[in-house]
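Report on the following structure.
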Amino acid sequence: IVREADWDEVGDYLRLLRFLQYGSRSDTFYVRAGELNNISLGHGTIVSGYNNALDINHFQWGINTAFNFAPGGAEVLLDNLADPNLMGLRAYVRPWHFIDAESYANNLAFGVSVVADINAPLELARRDLVEPDGTVIEGGGYVVDDAHNFRVAQEEGTVLLGVDAELQAFTNDFVSITPYTDVNFHLDHGSGIHLGNLANLTFSDAFSVNTRLELRILGSGYEPTYFDPLYEVERFLFRPLDLSDQLRPKLAVIGFDPPDSRVGWFGEGSFSIFSVFFLTVGYEDYQGDDNASFFARAALPELGPVSFGAFYANQNFDGASELFKLDSALVVAEARA
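Under my numbering, think of the first position of the sequence shown as 874, with each following residue one higher.
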């Protein structure tokens, strides 16, 4: 009845208090501690939709906070207060505020981001296979300890730096239009340019739509939104590197089989109905075969005493006909009281 893996670590008992939150991300001060979901920094070109609670065997108490003042502000992300791996910071400034706070030029902002996984797995420990004749063959399956952790044979820190600029071109009670440019550098790997636009539409208290559309120019070795909704899984199991089809850590794949230079686009839309039902969908596609990805997230967070949620993601498929092909997809559904 009670799953032992849910209560075999000190951190698991923190799940009794799933999260604490004050304010919202656009407020002067916002903080959320505990379970983090759908977390992005800045325009979401480095960290987008991050979730620290994908692994049901290990509960993490992370923190996401933001400070928003007229001259500028900052955002902070930490995946786990007790044993952090992922750390992120973005700071931005509106320089014209110090010259003329009432000027239209005050809508122009510049930001700097640094995000790191300080202990990213590079190689997982593998058990040896013993043939009937006693021959030992290296390279069997991955080793998992009693606490359901992959044993890591080699790890390495990885860092992404970003600079960005945005202009709140038009804002009123119903519409907000913000074009932006992000230039990101994955140290020792590659760089990419994101040219995008945020459009937020509020039709009434009943219905609102937030959209993001990007043109992406990606250099060799650069993976956009490296810290994505699946990162807690991908940091261990991302893609295969050889014909064995055995999934490898994300940093190893990026290092040993870097993505080619490519151009593509990304679109995302978030819909809210009466602040009761929330839906987010995203799609990206690049030049070449098997370069499309899709995700969808739905939530009914306050349906009486029960909340419902669902998440679907499919990566590296080719064409709309493979959009819902489940061979390489992730499907999650949950209900909470």
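Just so it is clear, CB atoms sit at the ideal spot from N, CA and C, and this is done for glycine as well.
Quick caveat, the model's predicted, so the values are computed rather than measured.
Here the stretch 950 to 970 lies against the stretch 919 to 926, with 3 or more beta-carbon pairs under 8 Å apart.
Taking a 10 Å sphere around the C-beta of residue 1055, we find 16 or more other C-beta atoms and assign the residue as buried. Annotation: the stretch 885 to 958 contains the following complete segments of the beta strand (DSSP E) (minimum length 3 residues), in chain order: 892 to 895, 902 to 907, 935 to 941, 945 to 951. In the three-state reduction of the DSSP assignment, residue 978 falls in the helix class, which pools H, G and I. According to DSSP, residue pairing for residue 1150 in a beta bridge involves 1146.
Under the criterion of beta carbons closer than 8 Å, residue 1031 and residue 1042 do not qualify as touching, at roughly 34 Å. Below 8 Å, enough C-beta pairs join the stretch 1181 to 1195 and the stretch 1157 to 1173 to call them touching: three or more.
For residue 915, the closest alpha carbon among the candidates 1180, 1076, 956, 940 is that of 940.
The three-state reading of DSSP puts residue 1195 in helix, counting H, G and I together.
The beta carbons of residue 1034 and residue 986 sit closer together than 8 Å. Counting of Cβ neighbours within 10 angstroms places residue 1198 among the exposed residues, the total staying below 16.
Between the alpha carbons of residue 1059 and residue 1188 lies a gap of roughly 21 Å.
Residue environment analysis places residue 1100 among the buried positions, since at least 16 neighbouring C-beta atoms fall within 10 angstroms of its C-beta. Of the residues 1021, 1140, 1014, 1088, the one whose Cα lies closest to the Cα of residue 1119 is 1014. With a contact defined as Cβ atoms closer than 8 Å, residue 979 and residue 970 qualify at about 5 Å. Annotated three-state conformation of residue 986 is strand, per DSSP. The Cβ-Cβ distance between residue 988 and residue 919 falls below 8 Å. Residue 1079 counts as exposed, since fewer than 16 other C-beta atoms from the protein chains shown sit within 10 angstroms of its C-beta. Sequence-distant Cβ neighbours of residue 1111 in its own chain, meaning closer than 7 Å and more than five residues away, are 1120, 1121, 1122, 1123, 1126. Residue 1175: member of the beta strand (DSSP E) spanning 1165 to 1176, first to last residue.
Assignment of residue 968 by DSSP, reduced to helix, strand and coil, places it in the helix class. The residue from 1192, 877, 1038 with its alpha-carbon nearest to that of residue 966 is 1038. Annotation for residue 1161: no alpha helix (DSSP H) segment contains it, and DSSP assigns it neither H nor E. Per DSSP, residue 1071 is one residue of the beta strand (DSSP E) stretching across 1063 to 1075. Just so you know, the alpha carbons of residue 976 and residue 909 end up roughly 37 Å apart. It is roughly 28 Å from the alpha-carbon of residue 1095 to the alpha-carbon of residue 1022. For residue 1116, no beta strand (DSSP E) segment is defined, and its DSSP state is neither H nor E. Under DSSP, the beta-bridge partners assigned to residue 1050 are 1043, 1072. In this structure, residue 887 and residue 932 form a Cβ contact; the two beta carbons are roughly 6 Å apart against a cut-off of 8 Å.
Residue state for residue 1081 is assigned as strand, using DSSP reduced to three classes.
Going by C-alpha positions, residue 992 is about 33 Å away from residue 1152.
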